[in-house]
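What follows is a single structure, written as structure tokens, with notes after it.
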Amino acid sequence: MEVHTGRSAVPNRSALIHQEKQLPQQPVSAPQGRTEAGPWSQENLDRSLEGMNELSIMKERSLKFEQHDTLDRTMVKIIDRETDEVVRELPPEEFLDMISSMLEFAGLLFDRKV
Numbered sequence: 001m002e003v004h005t006g007r008s009a010v011p012n013r014s015a016l017i018h019q020e021k022q023l024p025q026q027p028v029s030a031p032q033g034r035t036e037a038g039p040w041s042q043e044n045l046d047r048s049l050e051g052m053n054e055l056s057i058m059k060e061r062s063l064k065f066e067q068h069d070t071l072d073r074t075m076v077k078i079i080d081r082e083t084d085e086v087v088r089e090l091p092p093e094e095f096l097d098m099i100s101s102m103l104e105f106a107g108l109l110f111d112r113k114v
């Protein structure tokens, strides 16, 4: 059995660390309209989702950001621009509906706190 030793395809660790040190550091700015830390209001969330919908510029597909009615979870729908058909949902709306109904059922079984 022969073992060939040669140059590694993976650069060594010290070369990677040296490259990282050369990268310029840029400050991260806070999103517009958001200065304080804390929970988002429904109005801020709706405005942000509308902004993301406007930014999703793709040729054949578009992204649509929505909020699930009962769980208040954000969903992303990938839509075909030609047919307006939903190609994919992340997470699937049926999955969120199932979780919502399970939480509702658990509330029916255990409606009192101890």
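If you count the sequence shown from 1, position 24 lands on 24 in UniProt numbering, and the numbers rise without skipping.
Backbone N, C-alpha and C fix where the C-beta goes; we use that ideal spot for every residue, glycine too.
Nearest-angstrom beta carbon gap, residue j and residue i [assumed within contact, 8 Å]
i	j	result
M75	E66	5 Å
H68	L103	Not really, about 12 Å apart at Cβ, beyond 8 Å.
Selection from the options that minimises the alpha carbon distance to residue i
i	options	result
E60	P39, E43 and E85	E85
S62	R73, R47 and E89	E89
E93	E50, E104, T70 and L103	T70
Q42	M52, K64, S100 and D72	D72
Straight-line gap, residue i to residue j (C-alpha atoms, nearest Å)
i	j	result
W40	E50	15 Å
F105	M98	10 Å
I78	P91	11 Å
L45	G107	27 Å
S100	D80	28 Å
S48	K64	12 Å
M52	V87	18 Å
Note to self: Quick check on the DSSP output: what are the complete beta strand (DSSP E) runs of length 3 or more inside the segment 33-105, in order along the chain?
What the structure shows: 61-67, 74-80 and 86-90
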